[in-house]
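Data block below; observations after.
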Amino acid sequence: MAATSAGADAADARPVPGGLSGHLVDFVEALRSKGITVGPSEAVDAAAAVLEIDLLDREALREALAATLIRRPTQRSIFDQLFDLWFPASRGYRAAADADDAPIVELPRGEDGKVDPKALEELIVDLLSQDTPESLAQAKALAELMVEQMGRYDSTRGPAFSSYQTLGKLDASSIARRIMDGLLGADPDDPDGSGRIMEKAAAAHRANEKVKGFFQQVTDEVRRRTAEHAGRERIAKMTVGPDSDHVDFLRANDADLQKLRRQVGPLARQLGNRLAARRKRIRRGDIDMRRTMRQSMSTGGVPMELILRKPRKARPELVVLCDVSGSVAGFSHFTLQLVHSLREQFSRVRVFAFVDTVDEVTDYFATGDDLGSAMARMVSEAEIVTYDGHSDYGHAFRGFAERYVHTLSPSGSVLVLGDARNNYRDPALASVELLTERARHVHWLNPEPKEYWGTSDSATAQYGEFVPMHECRNIAQLSAVVSQLLPV
Numbered sequence: 020m021a022a023t024s025a026g027a028d029a030a031d032a033r034p035v036p037g038g039l040s041g042h043l044v045d046f047v048e049a050l051r052s053k054g055i056t057v058g059p060s061e062a063v064d065a066a067a068a069v070l071e072i073d074l075l076d077r078e079a080l081r082e083a084l085a086a087t088l089i090r091r092p093t094q095r096s097i098f099d100q101l102f103d104l105w106f107p108a109s110r111g112y113r114a115a116a117d118a119d120d121a122p123i124v125e126l127p128r129g130e131d132g133k134v135d136p137k138a139l140e141e142l143i144v145d146l147l148s149q150d151t152p153e154s155l156a157q158a159k160a161l162a163e164l165m166v167e168q169m170g171r172y173d174s175t176r177g178p179a180f181s182s183y184q185t186l187g188k189l190d191a192s193s194i195a196r197r198i199m200d201g202l203l204g205a206d207p208d209d210p211d212g213s214g215r216i217m218e219k220a221a222a223a224h225r226a227n228e229k230v231k232g233f234f235q236q237v238t239d240e241v242r243r244r245t246a247e248h249a250g251r252e253r254i255a256k257m258t259v260g261p262d263s264d265h266v267d268f269l270r271a272n273d274a275d276l277q278k279l280r281r282q283v284g285p286l287a288r289q290l291g292n293r294l295a296a297r298r299k300r301i302r303r304g305d306i307d308m309r310r311t312m313r314q315s316m317s318t319g320g321v322p323m324e325l326i327l328r329k330p331r332k333a334r335p336e337l338v339v340l341c342d343v344s345g346s347v348a349g350f351s352h353f354t355l356q357l358v359h360s361l362r363e364q365f366s367r368v369r370v371f372a373f374v375d376t377v378d379e380v381t382d383y384f385a386t387g388d389d390l391g392s393a394m395a396r397m398v399s400e401a402e403i404v405t406y407d408g409h410s411d412y413g414h415a416f417r418g419f420a421e422r423y424v425h426t427l428s429p430s431g432s433v434l435v436l437g438d439a440r441n442n443y444r445d446p447a448l449a450s451v452e453l454l455t456e457r458a459r460h461v462h463w464l465n466p467e468p469k470e471y472w473g474t475s476d477s478a479t480a481q482y483g484e485f486v487p488m489h490e491c492r493n494i495a496q497l498s499a500v501v502s503q504l505l506p507v
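In the numbering used here, the protein residues as written are 20 to 507.
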């Protein structure tokens with residue numbers, strides 16, 4: 020059995036109330052706290068699966084719980100991070116726990132006894148380049164040893180560990196380049212690989228993935244060791260992000276935004292199916308009670324024939340007016356991609372973008388165009404900035420009312436995308452009121468948390484008097500709001 024670290028958190032060291040079942044319930048609650056929906060039936064299935072496997076086989080336990088507790092592949096990363104916290108492979112420094120089976124590996128040191136970064140990089144390159152089970156096991160042991168000897172420091176709360184302190188002196192690009200050179204191999208006729216572009220690109224990708232995987236092992240080890248002292252609940256709250264459906268648009272980093280963009284297609288198909296089903300129901304028309312009761316007078320008041328109202332137009336028009344300034348760019352771009360994917364659900368979609376000046380950008384999103392390049396062209400070519408590049412909703416609304424109000428119709432709808440932070444400028448409420456009079460529906464999707472509405476330079480209270488405002492901080496909220504608000 021693995022040895023227990025002397026400084027480990029007492030709450031993690033003592034038995035969990037309720038034994039394994041209580042521990043499993045705590046794990047389920049941790050998944051729910053990250054936005055992963057786990058119902059009672061899934062929890063019961065997980066408990067039943069645990070009874071059927073060898074609990075000493077940690078990977079079997081991992082797969083059994085994953086199969087019963089998560090529903091989508093996108094949730095697997097969060098599941099694995101939490102699993103490693105709630106079901107760690109060992110406690111303390113793993114090599115000290117089982118020295119007989121631990122791979123033999125040492126940190127290269129100079130004459131002064133300190134770790135030699137260049138020699139350490141060479142060792143990492145050598146282990147990752149071999150790509151054998153033995154070398155991969157040694158690489159994993161090396162990552163754990165680096166955390167123990169390089170990443171450990173004393174804090175006021177006891178021993179602590181740092182990924183930055185562990186990896187700070189290593190050059191990841193240099194390591195990846197040397198691994199790539201080894202994978203590519205030497206060719207006397209093509210020493211720089213310029214004649215083998217495809218092979219060079221494949222080798223570079225593979226080398227980067229190897230380095231990324233090794234650095235991730237260091238990060239995972241730091242998380243495991245820190246959780247022993249600070250408590251797994253605290254570390255889960257600080258280091259494990261929420262499910263992608265619950266990642267705030269305004270707080271998403273580049274990696275998060277890439278994941279969100281990959282969800283546009285499936286989300287658009289789901290919403291498209293909902294809209295199509297609603298449209299099919301509406302085409303039948305609602306019962307006209309007044310005409311039905313009048314018709315029933317000829318049959319003694321018995322409604323033998325139902326009279327239906329005339330159904331609405333099958334494909335309405337949609338106008339999107341969005342703020343694309345830096346503060347809400349991630350939200351606006353994602354929502355524009357979603358609307359673009361749903362364009363077949365409408366007779367016409369027109370898109371207008373602004374920072375401080377509004378301009379129509381519909382042509383940038385023509386069918387078949389790459390959305391990434393379309394957005395880049397929109398930002399660089401469209402006339403959306405006139406003054407200082409800070410959001411000016413009032414000037415944008417006035418410009419829209421003067422130049423584009425004819426695009427609105429009584430059968431169409433308008434979606435406004437933005438945080439309504441107007442930098443203390445004139446909100447142009449008269450122009451907003453004109454929009455609400457010309458369009459059938461106007462709705463505002465705001466990516467900021469409601470508790471921030473109306474604070475500082477936020478004009479949500481003023482605009483909210485004319486336009487219903489909806490909180491859309493993440494994909495879950497956006498999909499729910501869009502499916503309810505988009506006209507059919």
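Where is the CB? At the ideal position from N, CA and C, for every residue including glycine.
- Under the three-state reduction of DSSP, ASP239 is assigned to helix.
- Take the alpha-carbon of ARG95 and the one of ILE89: they are about 7 Å apart.
- Annotation: MET199 is outside any beta strand (DSSP E); the continuous alpha helix (DSSP H) that includes it extends over 191–203.
- In this structure the region 428–442 touches the region 341–353; the number of beta carbon pairs closer than 8 Å is three or more.
- Between the alpha carbons of MET394 and HIS359 lies a gap of roughly 12 Å.
- Following the DSSP letters along the chain, one finds ALA179 in no alpha helix (DSSP H) but inside the beta strand (DSSP E) bounded by residues 177–180.
- The Cβ atoms of ASP445 and ALA415 do not sit closer than 9 Å to each other.
- For TYR471 and VAL424, the gap between their C-alpha atoms comes out near 30 Å.
- DSSP, reduced to helix, strand and coil, places GLU78 within a helical segment of the structure shown.
- ASP173 counts as exposed, since fewer than 16 other beta carbons sit within 10 angstroms of its beta carbon.
- Each of THR311, GLY204, VAL47 and MET316 was checked against the Cα of ILE326, and the nearest Cα belongs to THR311.
- Each of GLN235, LEU269 and ASN272 was checked against the Cα of VAL166, and the nearest Cα belongs to GLN235.
- Ranked by how close their Cα comes to the Cα of LYS137, the residues LEU189, ASP407 and ALA274 have LEU189 in first place.
- If the five residues before and after ALA287 are omitted, its C-beta is found closer than 8 Å to the C-beta atoms of LEU357, SER360 and LEU361, all from its own chain and listed in chain order.
- For SER502, the enclosing alpha helix (DSSP H) starts and ends at 494–504.
- By DSSP's assignment, ASN465 forms a beta bridge with GLU490.
- DSSP lists VAL338 and VAL461 as the beta-bridge partner residues of VAL433.
- Comparing C-alpha distances from GLU456 to each of ASN465, ASP476, GLY473 and VAL433 shows the shortest one belongs to VAL433.
- Under a 10 Å Cβ-count criterion, LEU464 is classified as buried, with 16 or more other Cβ atoms of the shown protein chains found around its own Cβ.
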